[in-house]
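Beneath this line is the structure, given in structure tokens, with notes to follow.
2 protein chains.
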Amino acid sequence: MGATKTEIFTEQQNQMAQMAKALGHPARIAIVQYLLKQDTCICGDLVLEIGLAQPTISQHLKALKTAGLIKGNIEGTSTCYCLDYEKWDVMKSLLSPLLNLETDNKTNCC
Amino acid sequence: MGATKTEIFTEQQNQMAQMAKALGHPARIAIVQYLLKQDTCICGDLVLEIGLAQPTISQHLKALKTAGLIKGNIEGTSTCYCLDYEKWDVMKSLLSPLLNLETDNKTNCC
DNA sequence: TTACTTCATCGTAATATTGCGATTAATATG
DNA sequence: CATATTAATCGCAATATTACGATGAAGTAA
Chain Z
1 MGATKTEIFT
11 EQQNQMAQMA
21 KALGHPARIA
31 IVQYLLKQDT
41 CICGDLVLEI
51 GLAQPTISQH
61 LKALKTAGLI
71 KGNIEGTSTC
81 YCLDYEKWDV
91 MKSLLSPLLN
101 LETDNKTNCC
Chain S
1 MGATKTEIFT
11 EQQNQMAQMA
21 KALGHPARIA
31 IVQYLLKQDT
41 CICGDLVLEI
51 GLAQPTISQH
61 LKALKTAGLI
71 KGNIEGTSTC
81 YCLDYEKWDV
91 MKSLLSPLLN
101 LETDNKTNCC
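In order, the protein sequences belong to chains Z and S.
The working numbering puts the first residue of the first sequence at 1, with every later residue one more than the last.
The working numbering puts the first residue of the second sequence at 1, with every later residue one more than the last.
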């Protein structure tokens, strides 16, 4: 107990949950927003931008990278990060059935 | 330490993270999918549909309810759950800037 | 080489999550 | 009233996450 029972869910459900989970922390939202704004790649500017310690930012970057949402490339002493647009499209197509609801003519039953 | 430093982030970032976090578990994805499919409200069918114990499902429902994504209404001995479409629209508008990227002419910098 | 910069990783403490058995509260039903 | 039924809550154990100081690895600059 304590661990998620991934084996009772579909591959898609686990994938969707994993990506949503990766975005489930304000620091990681901030990182993604920064990568969106800058368009170009960045490294440790995030430590200055967000008020968290360097190891913590590094950990959040790793989480986003593990989920496949960002890519990292070592360039000299610094590392260049950017959004992984291919994976981003996968996420969009997986989540759009949930998000794009016809909410206009729906009445809550409760 | 171990707790998220919510105070250093914007209200929007915390809100987005909270909603993403609520969807960050396959069981809760499955619950939302079931609510989408059924359209009408449900209660403990989820326990049968998903292979988890009743207290566990109840806990996940509470998490979704706390995030505001679903509503619950007591009807006799059972409880009726459904998606909260208003909150759903809020989530859609918050997340769409992140999801609706022009990925076509973007080249990864890494 | 030495010193500096940049980032990842290790180790640790605090906290949160996941899952479930046992129990409880509330409402039906006999 | 007694007894199911339904779902929430409590309490616990296992695991995961968050945050950071200390350290390490790898490149850069003097």
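For glycine and all other residues, C-beta sits at the position ideal for the given N, C-alpha and C.
Coil, strand or helix - residue i by DSSP
i: Z:T6; result: helix
i: Z:E11; result: helix
i: S:L95; result: helix
i: Z:E86; result: helix
i: Z:I50; result: coil
i: S:Y77; result: With the sequence shown as reference, residue 77 of chain S is identified as Thr, and Tyr is not the correct amino acid for it. The answer is coil: DSSP assigns S:T77 none of H, G, I, E or B.
Per-residue contacts from residue i into chain S (C-beta, under 9 Å)
i: Z:Q13; result: P26, A27, I29, A30 and Q33
i: Z:K37; result: Simply none; closest approach about 11 Å.
i: Z:K21; result: A20, K21, L23, G24 and H25
Amino acids of chain S, ordered along the chain, whose beta-carbon sits closer than 8 Å to that of residue i
i: Z:G113; result: Because chain Z in this structure spans residues 1 to 110, residue 113 of chain Z falls outside the shown range and cannot be described.
Nearest to residue i (by Cα), restricted to the options the options
i: S:G2; options: Z:L101, Z:T56 and Z:W88; result: Z:T56
i: Z:T10; options: S:K65, S:Q33, S:F9 and S:G72; result: S:Q33
i: Z:L64; options: Z:E75, Z:K21, Z:I8 and Z:P97; result: Z:K21
i: Z:K5; options: S:L83, S:K37 and S:A27; result: S:A27
i: Z:P97; options: S:I8, S:H25, S:E7 and S:L35; result: S:L35
i: S:N99; options: Z:L95, Z:E102 and Z:L52; result: Looking at the sequence itself, residue 99 of chain S is Leu, so the reference to Asn does not match. Checking every option, the nearest Cα to that of S:L99 belongs to Z:L95.
i: S:A67; options: S:E86, S:E102 and S:Q54; result: S:E86
i: S:L52; options: S:A30, S:M19 and S:G72; result: S:A30
i: S:E102; options: Z:Q59, Z:K37, Z:N73 and Z:I74; result: Z:K37
i: Z:L69; options: Z:E75, Z:S58 and Z:L83; result: Z:L83
i: Z:Q7; options: S:K71, S:I74 and S:H25; result: A quick correction: the sequence has Glu, not Gln, at residue 7 of chain Z. The residue with the shortest Cα to Cα distance from Z:E7 is S:H25.
Contact set between residue i and chain Z, taken where Cβ atoms lie within less than 9 Å
i: S:K92; result: L99, N100, L101 and T103
Within chain S, the residues that residue i reaches when beta carbons sit closer than 7 Å
i: Z:L48; result: Within chain S, no residue comes near Z:L48; the closest Cβ sits about 13 Å away, beyond 7 Å.
Chain Z contact residues for residue i, given Cβ-Cβ distances below 7 Å
i: S:K65; result: Near S:K65 there are no residues of chain Z at all, since even the closest Cβ is about 11 Å away, more than 7 Å.
i: S:L61; result: Chain Z residues near S:L61: none, gap ~12 Å exceeds 7 Å.
Q | Contact between the segment 47-61 of chain Z and the segment 38-50 of chain S (3+ Cβ pairs under 8 Å) | A | no
Q: Check whether the segment 77-92 of chain S touches the segment 33-43 of chain S, taking contact to mean three or more Cβ pairs, one atom from each stretch, closer than 8 Å.
A: yes
Q: Say whether the segment 83-101 of chain Z touches the segment 9-24 of chain Z, bearing in mind that this needs 3 or more beta-carbon pairs closer than 8 Å, one atom from each stretch.
A: yes
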